[in-house]
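Novice: Okay, handing you the structure first.
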Amino acid sequence: MGGAGVSGAPHAGDARRARREEGSQVLEFALVLPAVVLVLVVLLHAALVGVDLVIAQGLAREAARTAAVDGDEVVERRLDDAAGDRPVELELSPPESRRTAGQVVTVELRIRSRGFAAFGAEVWVPARAAMRVETS
Amino acid sequence: MSVTRLVHRQTGSAALLTVLAGGLVACLGCVAIAAAADAGLAAAKARTAADAAALAAAGSSPLMGGDGDARTAAEDMAAANGAVLVACCAPEEKPAADVRSSTIRAHVVVAVRPRLALLRAATPGLRSTATAVARPVTASVDSRGVDRRGRLAVGPIGHDAAEGFLSPPVHAPVTSGFGWRAHPITGVLRPHTGTDFAAGHGALVGAAAGGVVVSAGWRGGYGKAVLVDHGGETTVYAHLSAMTVVKGQRVRRGDPVGRVGSTGQSTGAHLHFEVRVDGEPVDPESRLS
């Protein structure tokens, strides 16, 4: 496209065209950048939910193991320590009063994920674990 | 064609390409994240199932008052955790004259299938193995000498065959056990919160299990002492002549934490070994393998 200017001297036309192209690229970049950042942020939050799923499973495992060996009070205490300030909903079955050695104790819990919290959304991730009761 | 139109057309194509490329990257990112989360979750579930199955298999031993059907117990427990039992050996039982000294080890392999079809095609299931170590510790013994209400060793049961029990910190005779005794210096009757081992001066002291050093320094009557947190329980190694670890250091089972000495309130070289559960001293000999 070198000298095929539509008006003025060939060199002046090239320079103007180059400036216009540069301007278009800057505009494009400015339009696309927010979308790219948004996609990256959404991916990051999705990854956080994924990590929290694994964390919740680990917590459920420890809770089930503790419930199988100690009482519900110890489970809640350890869960509070492990989960920190993250809200946890816990359900143990059967209840401690009806738990006997050899039975299966099941823990179902949900923790509030850090994922999408910045958008004001509450994402709860569930986990479940079962262990054989060891005390009577 | 005018240059202006050409530039506009090129800009439009570039923008379209950018959007398409961005969309593709976003889709690939979503798939990668979903796959990673699914694989991680399946591995975590497999670990839970393996531990539960191994514990159930060990607990089914007649020594523990069970029916002896380890495989069924392990299968049921693996299924309760969303896994499939792949292998379960017959538990290795070591009966002893005193049932509380008997041990049972059970090793299992389980597999958990991922949810994503993509991963299912790639792997038949994520496998995990675990070994549970059981020991009857309650005193309810029936007419056959079997502890009907036995329980498995308390503590984190991991993937190490020896987990669940503590290893002796030194190999030396016990000279003073846990419980009430006359203090060797003051003569006053008071509880002895640990077990003394008569190891020679300078002998290496090993960590009883893996953990994190929470304290290493002078602790009054304990002299030079090291405290290791194992998650739920803490072990104390006191009257050391030297410490080979620092606070915050991670140690594995058997790693040296110091050398036997006679610092603090001590009448001669020995190791004072303590086990604390939730801060309360318990008899170390009931926890040693």
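So the protein sequences, as listed, match chains G and E. In terms of the numbering used here, the first sequence opens at residue 12 and continues consecutively. In terms of the numbering used here, the second sequence opens at residue 113 and continues consecutively. Here a beta-carbon is modelled for each residue, glycine too, at the ideal position from N, C-alpha and C.
I need the straight-line Cα distance from E/E275 to E/P174, nearest angstrom please.
Specialist: Counted from its first residue, the second sequence places residue 275 of chain E at position 163. Counted from its first residue, the second sequence places residue 174 of chain E at position 62. The predicted model places E/E275 with a pLDDT of 42, which falls under 50 and marks its position as unreliable, so this point remains unresolved.
Novice: Does the separation of the CB atoms of E/A169 and E/S240 fall below 8 Å?
Specialist: On the second sequence, position 57 is the one that residue 169 of chain E refers to. On the second sequence, position 128 is the one that residue 240 of chain E refers to. Cβ distance not < 8 Å, so E/A169 and E/S240 don't count as in contact.
Novice: Cβ closer than 9 Å: which chain E residues qualify as neighbours of G/G61?
Specialist: As a position in the first sequence, residue 61 of chain G is number 50, starting the count at 1. Neighbours of G/G61 on chain E, chain order: I145, A146, A148, A149, D150, G152, L153.
Novice: Whole angstroms is fine: what's the gap from G/V80's alpha carbon to G/M142's?
Specialist: The sequence position of residue 80 of chain G within the first sequence is 69, counting from 1. The sequence position of residue 142 of chain G within the first sequence is 131, counting from 1. In a straight line, the C-alpha of G/V80 is about 9 Å away from that of G/M142.
Novice: What are the boundary residues of the beta strand (DSSP E) that E/T184 is part of?
Specialist: Here residue 184 of chain E refers to the residue found at position 72 when the second sequence is read from its first residue. Taken as a continuous stretch (DSSP letters only), E/T184 belongs to no beta strand (DSSP E), being part of the alpha helix (DSSP H) at 182 to 192.
Novice: Kindly list the residues whose CB is nearer than 7 Å to the CB of E/E187, restricted to its own chain and excluding five residues on each side of it in sequence; keep chain order.
Specialist: Start at 1 with the first residue of the second sequence, and residue 187 of chain E comes out as number 75. Around E/E187: L197.
Novice: Check the Cβ of G/G69 against every Cβ in chain E and list those closer than 7 Å, keeping chain order.
Specialist: Here residue 69 of chain G refers to the residue found at position 58 of the first sequence. Within 7 Å Cβ-Cβ: A156.
Novice: Looking at G/R97: is its Cβ nearer than 8 Å to the Cβ of G/R123?
Specialist: Along the first sequence, one-based indexing puts residue 97 of chain G at 86. Along the first sequence, one-based indexing puts residue 123 of chain G at 112. Yes. Within cutoff.
Novice: Closer than 8 Å by beta-carbon distance: list the chain G residues that pair up with E/A192, in chain order.
Specialist: Counting from one through the second sequence, the residue named residue 192 of chain E turns up at place 80. Ordered by position in chain G, the residues that pass the 8 Å Cβ test against E/A192 are V115, T117, A141.
Novice: Would you say E/D308 lies against chain G (beta-carbon separation less than 8 Å)?
Specialist: The residue you call residue 308 of chain E lines up with position 196 of the second sequence. Chain G contact via Cβ: absent.
Novice: Would you identify the three-state DSSP class for G/A57, choosing helix, strand or coil?
Specialist: In the first sequence, residue 57 of chain G corresponds to position 46, counting from 1. If DSSP states are grouped into helix, strand and coil, G/A57 belongs with the helices.
Novice: Establish whether the CB of G/L54 and some CB of chain E are separated by less than 8 Å.
Specialist: Counting from 1 along the first sequence, the entry for residue 54 of chain G is found at position 43. Yes, contact with chain E.
Novice: Going by beta carbon distance, what residues of the same chain come within less than 8 Å of E/A166, once the five residues before and after it are set aside?
Specialist: Counted from its first residue, the second sequence places residue 166 of chain E at position 54. For E/A166, where only same-chain residues beyond five positions count, the Cβ hits under 8 Å are A186, A218, H219, V220, A242, T243, A244, I269.
Novice: Between the C-alpha atoms of E/P303 and E/R388, what's the straight-line distance to the nearest angstrom?
Specialist: For this step, residue 303 of chain E is matched to residue 191 along the second sequence. For this step, residue 388 of chain E is matched to residue 276 along the second sequence. The straight-line gap from Cα to Cα measures roughly 14 Å.
Novice: Which of the three DSSP states, helix, strand or coil, is assigned to E/G329?
Specialist: Looking up residue 329 of chain E in the second sequence gives position 217. In this structure, E/G329 counts as strand in the three-state DSSP scheme.
Novice: Can you pull out the residues from the segment 216 to 240 of chain E whose beta carbon lies closer than 8 Å to at least one beta carbon of chain G?
Specialist: If the cut-off is 8 Å between Cβ atoms, the segment 216 to 240 of chain E has nothing near chain G.
Novice: Does the beta carbon of E/M189 come closer than 8 Å to any beta carbon on chain G?
Specialist: If you number the second sequence from 1, residue 189 of chain E lands on position 77. Taking Cβ atoms only, chain G reaches closer than 8 Å to E/M189, which makes this a yes.
Novice: Should G/A138 and E/I145 be called a contact, given that it needs their Cβ atoms to be closer than 8 Å?
Specialist: Position 127 of the first sequence, counted from the start, is the residue given in the question as residue 138 of chain G. Position 33 of the second sequence, counted from the start, is the residue given in the question as residue 145 of chain E. No, Cβ-Cβ distance for G/A138 and E/I145 is not below 8 Å.
Novice: Just to check my reading of the structure: G/D63 and G/G126 have Cβ atoms closer than 8 Å, yes? What is that Cβ distance to the nearest angstrom?
Specialist: For the purposes of this step, residue 63 of chain G is taken as the residue at position 52 of the first sequence. For the purposes of this step, residue 126 of chain G is taken as the residue at position 115 of the first sequence. With a Cβ gap of about 6 Å, G/D63 and G/G126 count as contacting.
Novice: My guess is that E/V282 and E/A315 are in contact by the Cβ rule of under 8 Å, so how many angstroms apart are they, rounded?
Specialist: By 1-based counting over the second sequence, the position of residue 282 of chain E is 170. By 1-based counting over the second sequence, the position of residue 315 of chain E is 203. Right, their Cβ atoms sit about 6 Å apart.
Novice: Within 8 Å (strictly less), CB to CB, does E/H271 reach chain G?
Specialist: Numbered from its first residue, the second sequence carries residue 271 of chain E at position 159. Since pLDDT at E/H271 reaches only 31, below the 50 mark, its modelled position is unreliable, and the value read off the structure follows with that caveat. It does not; no Cβ of chain G falls within 8 Å.
Novice: Hey, is E/G180's beta-carbon within less than 8 Å of any beta-carbon in chain G?
Specialist: Position 68 of the second sequence, counted from the first residue, corresponds to residue 180 of chain E. Judged by the 8 Å Cβ criterion, E/G180 is not in contact with chain G.
Novice: Would you kindly report the start and end of the unbroken beta strand (DSSP E) that includes E/A337?
Specialist: Stepping through the second sequence from its first residue, residue 337 of chain E is reached at position 225. Segment 336 to 341, the beta strand (DSSP E) holding E/A337.
Novice: How about E/G134: is its C-beta nearer than 8 Å to some C-beta of chain G?
Specialist: Position 22 of the second sequence, counting from 1, holds the residue named residue 134 of chain E. Yes, its Cβ sits closer than 8 Å to a Cβ of chain G.
Novice: Does any C-beta atom of chain G lie closer than 8 Å to the C-beta of E/R331?
Specialist: Numbered from its first residue, the second sequence carries residue 331 of chain E at position 219. Not an interface residue.
Novice: Quick one: does G/V134 have its CB under 8 Å from some CB of chain E?
Specialist: Here residue 134 of chain G refers to the residue found at position 123 when the first sequence is read from its first residue. Chain E contact via Cβ: absent.
Novice: Would you verify that the beta carbon of G/R72 is, or is not, closer than 8 Å to some beta carbon of chain E?
Specialist: Within the first sequence, numbered from 1, the residue matching residue 72 of chain G stands at position 61. Chain E contact via Cβ: present.
Novice: Could you spell out where the alpha helix (DSSP H) holding G/A83 opens and where it closes?
Specialist: Here the question's residue 83 of chain G lines up with position 72 in the first sequence. According to the sequence displayed, residue 83 of chain G carries Asp and not Ala. 83 to 94 is the extent of the alpha helix (DSSP H) around G/D83.
Novice: Determine the contact status of E/G178 and E/G171, defining contact as a CB-CB distance below 8 Å.
Specialist: In the second sequence, the residue the question calls residue 178 of chain E occupies position 66. In the second sequence, the residue the question calls residue 171 of chain E occupies position 59. Yes. Within cutoff.
Novice: Does the beta carbon of E/P393 sit closer than 8 Å to a beta carbon anywhere in chain G?
Specialist: The residue labelled residue 393 of chain E in the question sits at position 281 within the second sequence. By this cut-off, E/P393 is not an interface position.
Novice: Tell me the DSSP secondary structure of E/K157 in three-state form.
Specialist: To locate residue 157 of chain E, count along the second sequence from 1; it is residue 45. The answer is helix: DSSP assigns E/K157 an H, G or I state.
Novice: Do we get a CB-CB distance below 8 Å when we pair E/G171 with the residues of chain G?
Specialist: Residue numbering aside, residue 171 of chain E sits at position 59 when the second sequence is read from its first letter. By this cut-off, E/G171 is an interface position.
Novice: So E/R399 packs on E/L278, CB below 8 Å; how close in whole Å?
Specialist: Indexing the second sequence from 1 puts residue 399 of chain E at position 287. Indexing the second sequence from 1 puts residue 278 of chain E at position 166. Rounded, the Cβ-Cβ distance is 5 Å, consistent with contact.
Novice: Could one say the Cβ of G/L101 lies closer than 8 Å to chain E's Cβ atoms, at least one of them?
Specialist: For this step, residue 101 of chain G is matched to residue 90 along the first sequence. Not an interface residue.
Novice: So, for G/V52: in the same chain, excluding its five sequence neighbours on each side, which residues have a beta-carbon less than 7 Å away from its beta-carbon?
Specialist: By 1-based counting over the first sequence, the position of residue 52 of chain G is 41. Contacts found: none.
Novice: Could you give the distance in angstroms between the alpha-carbon of G/E100 and the alpha-carbon of G/L120?
Specialist: Numbered from 1 along the first sequence, position 89 holds the residue referred to as residue 100 of chain G. Numbered from 1 along the first sequence, position 109 holds the residue referred to as residue 120 of chain G. Cα-Cα distance, rounded: 5 Å.
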